[in-house]
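Written below as structure tokens is the structure these notes are about.
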Amino acid sequence: MHEFDLKNDSLSRIRVVLVNTSHPGNIGAAARAMLTMGVSRLVLVNPKHFPAAEAVAMASGADSVLAQAQIVTTLPEALSGCVWAAGFSARPREFAGRVFSVRDMAEVAAGILYKRENDIALVFGTEMSGLSNEDLARCSAVVTIPANMQYSSLNLAAAVQVATYEIRTTLLSNKVWQPPRFAPASHEEIERLFVHAQRTLTQSGFLNPKRPKRLMPRLRRLFVRAGLEKEEVNILRGILAQMDRLMKCTDDIE
Ligand code: SAH
């Protein structure tokens, strides 16, 4: 069997992020699922038990993925440097941005991986309750595996398998040329824009901290959905800075 022609290093720019996983066996099984699809970057946000013998046992030879796994305490840390993040949820959510089926997600992800040098993340929730709405709000899109509506919750590692399989097969079949794209903004750059916007909007009186309504969550949703380029973030920050100057707000914000 020969290795497929997978253009550039696309697969190595996929991060699988598991948030608050309870069972180490699931982490091991997820590592195995990833490696069968050629994906090896695993990031664990606050795993309950890790490292663990049960994880190694379930990884069944994919221990290299576990050995290199990065452990962090918050989702923003896990997403650091990523330009796009897909949050996986079986259940419909009140405040989801754009919702993709896992196959449509693979098209979007492959498009980014083909054209750019940046990382993307696939984010999965905890076994009991899935991803929190707050975590989902940090993702660029919500992704669902269109399972049986009466029994839709896959095992965590099974969900990782489906996600990485879809991306792999899409990358293998996607052989068309793509127009050039401008550099996308990173997760941190969008976060800094968000903080800056919050401050300027508060100072201008548009955002009332006592009655914030849903302004900031909605703006966050707009920013992540837009897939902002670096230049676009600079323009928006420039507009805010000009407003700050007009309001004589001198504290610099990074
Ligand atoms: N009981 C949880 C689901 C836990 S399954 C809930 O109600 O949300 C663990 C994780 O696997 C989920 O957080 C999600 O990231 C992923 N997952 C499981 N089934 C899925 C599906 N049908 N579509 C998308 N993601 C799914």
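For any residue, its number in the numbering used here is found by taking its place in the sequence shown, counting from 1, and adding 2. Just so you know, even glycine gets a beta-carbon here, dropped at the ideal spot from N, CA and C. These numbers were taken from a predicted model, which means no experiment stands behind them.
Three-way DSSP call (helix, strand, coil) for residue i in this model
i, result
"Phe225", "helix"
"Phe6", "Because Phe6 carries a pLDDT of 46, less than 50, the predicted location of this residue cannot be relied on, and no value is offered for it."
"Phe196", "helix"
"Asp11", "coil"
"Leu209", "coil"
"Gly132", "strand"
"Arg216", "coil"
"Leu238", "helix"
"Leu248", "helix"
"Leu203", "helix"
"Glu231", "strand"
Nearest residue (CA-CA) to residue i, options the options
i, options, result
"Arg227", "Arg183, Gly127, Arg105 and Gly89", "Gly89"
"Ala71", "Glu56, Phe52, Gly83 and Leu77", "Phe52"
"Leu158", "Asp121, Ala31 and Lys232", "Ala31"
"Ala160", "Met245, Glu129 and Leu221", "Glu129"
"Ser24", "Leu44, Asp11, Ala54 and Val18", "Ala54"
"Ala139", "Thr38, Leu68, Ala61 and Arg216", "Arg216"
"Ala92", "Leu133, Ser188 and Phe208", "Leu133"
"Leu224", "Val74, Leu238 and Pro211", "Leu238"
"Met60", "Cys84, Ala33 and Glu79", "Ala33"
"Pro26", "Ala111, Asp11, Pro49 and Val19", "Pro49"
"Gly83", "Ile16, Arg95 and Leu68", "Ile16"
"Glu191", "Arg170, Arg222 and Lys212", "Arg222"
"Leu2", "Leu20, Ala57 and Met218", "Lying outside 3 to 256, the shown extent of the chain, residue 2 is not represented and no answer is given."
"Pro94", "Glu193, Ala143 and Glu79", "Ala143"
Rounded separation between residue i and residue j - CA only
i, j, result
"Val101", "Leu13", "23 angstroms"
"Ala108", "Cys141", "15 angstroms"
"Val235", "Ser154", "38 angstroms"
"Glu257", "Asp65", "Any property of residue 257 remains undetermined from this structure, which presents the chain solely from 3 to 256."
"Ala243", "Thr202", "8 angstroms"
"Ile122", "Thr204", "32 angstroms"
"Gln163", "Leu230", "29 angstroms"
"Ala149", "Met245", "48 angstroms"
"Glu5", "Arg43", "For Glu5, the pLDDT reaches just 44, beneath the cut-off of 50, and the residue's location in the model is therefore unreliable, although a value from the coordinates is still provided. Taking the straight line from one Cα to the other gives about 20 angstroms."
"Phe196", "Leu81", "16 angstroms"
"Met3", "Leu174", "Bear in mind that a pLDDT of 31 at Met3, under 50, signals an unreliable position, so the number given afterwards is only what the model happens to contain. Answer to the nearest angstrom: the Cα atoms are 15 angstroms apart."
"Trp86", "Glu168", "17 angstroms"
"Arg247", "Met39", "52 angstroms"
"Arg119", "Leu37", "The identity of residue 119 in the sequence shown is Glu, whereas the question assumes Arg. Approximately 21 angstroms, taken between the alpha carbons."
"Phe184", "Lys232", "8 angstroms"
"Leu77", "Val47", "6 angstroms"
"Ala35", "Asn22", "19 angstroms"
"Arg220", "Val145", "19 angstroms"
"Gln152", "Gly127", "20 angstroms"
"Ser103", "Ile147", "6 angstroms"
"Val41", "Ser131", "25 angstroms"
"Ser206", "Leu115", "40 angstroms"
"Pro186", "Val18", "20 angstroms"
"His198", "Thr172", "38 angstroms"
"Met249", "Val125", "40 angstroms"
"Leu156", "Gly240", "45 angstroms"
In chain order, which beta strand (DSSP E) runs of at least 3 residues are fully inside the stretch 29-116?
-> 43-47, 72-74, 84-90 and 100-103
Go through the stretch 135-191 residue by residue and report every complete run of the alpha helix (DSSP H) that reaches 4 residues or more, in order.
-> 135-139 and 158-175
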